[in-house]
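Trainee:
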Amino acid sequence: MLPDVFAAVEGSTAAIGYGLAAIGPGIGVGLVFSAYIQSTARQPESSRLTLPYVWIGFAVIEALALLGIAFGFIWQGNL
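And the structure:
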């Protein structure tokens, strides 16, 4: 009986893992943009200088999130 229960739960744990993996990039993107908004509020003339770094940070965070999801599918054996 016990092996049947683990087989039934295996798919659910993968879905939970993918959902938890989405939390990290969401927090990271929020921190990047909140830091940009705070820096622009403190020193408005630097907004043009710091905006490219915001987009680079956003792209790196999202790329790492996509890599994490892709590796999850690869290690699971679906690709």
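Take 1 as the starting number for the sequence shown in full-length UniProt numbering and just add one per residue. All C-beta atoms, glycine included, are put in the ideal place defined by N, C-alpha and C. Please read all numbers here as calculations on a predicted model, not as lab measurements.
For Gln43, which three-state DSSP category applies?
Mentor: In this structure, Gln43 counts as coil in the three-state DSSP scheme.
Trainee: Label Ile61 either buried or exposed according to how many other C-beta atoms from any shown protein chain fall within 10 Å of its C-beta, with 16 as the threshold for buried.
Mentor: Ile61 comes out buried.
Trainee: Measuring alpha carbon to alpha carbon, tell me which of Ala35, Ile69, Ile56 and Ala41 ends up nearest Ile23.
Mentor: Of Ala35, Ile69, Ile56 and Ala41, the residue nearest in Cα terms is Ile69.
Trainee: Between Phe58 and the rest of its own chain, which residues show a CB-CB distance below 7 Å, the 5 nearest in sequence each way excluded?
Mentor: The answer, listed in chain order, is Val29 and Val32.
Trainee: Just the C-alpha distance for Ile56 and Gly17, rounded to the nearest angstrom, thanks.
Mentor: Approximately 26 Å between the Cα atoms of the pair.
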